[in-house]
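Visitor: What follows is a single structure, and I will ask about it in a moment.
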Amino acid sequence: MTSLSPFGDGTVNRLGGQHGSIPISGTSYAAPVVSGLAALIRARFPTLTARQVMQRIESTAHHPPAGWDPLVGNGTVDALAAVSSDSIPQAGTATSDPAPVAVPVPRRSTPGPSDRRALHTAFAGAAICLLALMATLATASRRLRPGRNGIAGD
């Protein structure tokens, strides 16, 4: 866990105590991450029960090599895997090496009429900006040209 120092001198991983510095630890740092992930899962899969949400978080976490560990629990949560995978592994199955999936490569298509609208809008916007720039420069050059009495703006 890394935290930014409120004094602006970098990061902090310890707190000052009466008997010297003590490491920052506890579940208060993991609780907002896990509860936010649970909310994302419930938004993506509204029919899941609370137990299924817990199972999804635990099964997609990056587990420690020796299994559950009192120091890190079930491991580091993987929010992307928990929210994006359509199926969750059954409890007790290994999830560290998922099978590769063949993804079809999309073919390039020729731009259609709807693609031209964005192009025309971009060119029209660029032309308007160019005209505004030219008008601004023309006005500024008139103001800076010496007048009849040799005074700028006269």
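Under the UniProt record's numbering, the residue at position 55 of the sequence shown is numbered 55, and the numbers go up by one with no gaps. Where a beta carbon is used, it is the ideal one built from N, C-alpha and C, also for glycine.
Between Gly17, Gln18, Leu71, Gln55, which lies nearest to Leu37 when the distance is taken from Cα to Cα?
Guide: Residue numbering aside, residue 37 sits at position 37 when the sequence shown is read from its first letter. Of the listed residues, the one whose Cα sits closest to Leu37 is Gln55.
Visitor: Which value, in whole angstroms, describes the spacing of the CA atoms of Phe7 and Ala50?
Guide: Position 7 of the sequence shown holds residue 7. Position 50 of the sequence shown holds residue 50. Phe7 and Ala50: Cα-Cα distance of roughly 40 Å.
Visitor: State the Cα-Cα distance for the pair Thr93 and Ser59, rounded to the nearest angstrom.
Guide: What you label residue 93 is simply residue 93 of the sequence shown in a count that begins at 1. What you label residue 59 is simply residue 59 of the sequence shown in a count that begins at 1. Any reading at Thr93 is ruled out, since the residue's pLDDT is 47, under 50, leaving its predicted position unreliable.
Visitor: If you follow the alpha helix (DSSP H) that Pro32 is part of, which residue opens it and which one closes it?
Guide: By one-based count along the sequence shown, residue 32 stands at place 32. Start and end: 31-44.
Visitor: Around the C-beta of Val33, are 16 or more other C-beta atoms found within 10 angstroms, so that it is buried, or is it exposed?
Guide: The count along the sequence shown starts at 1 and reaches residue 33 at position 33. So Val33 ends up on the exposed side.
Visitor: Would you give the residue range spanned by the alpha helix (DSSP H) that Ala66 belongs to?
Guide: To locate residue 66, count along the sequence shown from 1; it is residue 66. Note, Ala66: premise wrong, no alpha helix (DSSP H); not H, not E.
Visitor: Of the choices Arg142, Ala82, Arg42, whose alpha-carbon is the least far from that of Ile57?
Guide: As a position in the sequence shown, residue 57 is number 57, starting the count at 1. Among Arg142, Ala82, Arg42, the Cα nearest to that of Ile57 is on Ala82.
Visitor: Is Ser21 helix, strand or coil by DSSP?
Guide: Residue mapping note: residue 21 aligns to position 21 of the sequence shown, counting from 1. Ser21 falls in the strand class under three-state DSSP.
Visitor: What does Leu15 pair with, by DSSP beta-bridge criteria?
Guide: Within the sequence shown, residue 15 is the residue found at index 15, counting from 1. Answer is Ile22, bridged to Leu15.
Visitor: Helix, strand or coil for Thr47 per DSSP?
Guide: What you label residue 47 is simply residue 47 of the sequence shown in a count that begins at 1. Thr47: coil per DSSP, three-state reduction.
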